[in-house]
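Notes for the one structure printed next.
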Amino acid sequence: MPIELENDLEAHLSPEEFRDLLQLDLLIRGRPRYREEAPEVWLAVEISVVIDRRDVERALRRTGYRAIPTVTGERVTEKAEAEAHKVLILLDGREISWEEALDEVLSN
Numbered sequence: 003m004p005i006e007l008e009n010d011l012e013a014h015l016s017p018e019e020f021r022d023l024l025q026l027d028l029l030i031r032g033r034p035r036y037r038e039e040a041p042e043v044w045l046a047v048e049i050s051v052v053i054d055r056r057d058v059e060r061a062l063r064r065t066g067y068r069a070i071p072t073v074t075g076e077r078v079t080e081k082a083e084a085e086a087h088k089v090l091i092l093l094d095g096r097e098i099s100w101e102e103a104l105d106e107v108l109s110n
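Residue numbers for the sequence shown, in my numbering: 3 to 110.
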């Protein structure tokens with residue numbers, strides 16, 4: 003993690019939130035391609051072979067910043083998919099609930 007980002011995150015997050023953020027599998031930033039007016043956003047990513055409810059909960063918990071909670075894997079359990087409202091699911095080359103997750107982070 004770049005030191006500038008680390009300093010900024012430490013200033014905006016509690017020590018517990020910051021430690022939790024460091025447990026993420028991947029942190030990515032960028033601008034949505036099809037929404038020119040949208041600001042830069044982050045994806046806070048949890049990676050698993052099978053995405054379950056705990057992965058969804060961890061991704062949601064670890065986004066105290068303007069970040070889209072994201073889970074990725076080869077399969078997703080029914081419970082995880084049902085609970086993943088406002089969470090981006092990247093599943094074997096396709097995305098589920100991108101617009102809903104993006105709208106949620108942009109509205110905050």
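Heads up, the beta-carbon is just placed ideally off N, CA and C, and yes, glycines get one too. What you are looking at is a predicted structure, and each value in this text was computed from that prediction instead of being measured.
Using DSSP with H/G/I as helix, E/B as strand and the rest coil, what is residue i?
i, result
"Glu85", "helix"
"Pro71", "strand"
"Glu97", "strand"
Indicate whether residue i and residue j have their beta-carbon atoms separated by less than 9 Å.
i, j, result
"Leu90", "Glu97", "yes"
"Val43", "Ala69", "yes"
"Pro41", "Arg35", "no"
"Val52", "Ile30", "no"
Excluding five sequence neighbours on each side, which residues of the same chain lie with their C-beta closer than 7 Å to the C-beta of residue i?
i, result
"Leu92", "Thr72, Thr74"
Between which residues of its own chain and residue i is the CB-CB distance below 6 Å, once the five residues before and five after are set aside?
i, result
"Ile49", "Asp27, Thr74"
For residue i, count the other beta carbons within 10 Å of its own beta carbon; 16 or more makes it buried, fewer makes it exposed. Which is it?
i, result
"Glu101", "exposed"
"Glu83", "buried"
"Leu45", "buried"
Quick one: what's got a C-beta closer than 8 Å to residue i's C-beta in the same chain, skipping five residues either side?
i, result
"Arg77", "Val51, Val52, Ile53, Leu93, Asp94"
"Ala103", "Ile70, Pro71, Thr72, Lys88, Val89, Leu90"
"Thr79", "Val52, Ile53, Asp54, Arg55"
(message) Extract the residue ranges of the beta strand (DSSP E) inside the stretch 11-62, only unbroken runs of 3 or more that lie entirely within it.
(response) Counting whole runs of 3 or more residues, the stretch 11-62 contains the beta strand (DSSP E) stretches 28-32, 43-49.
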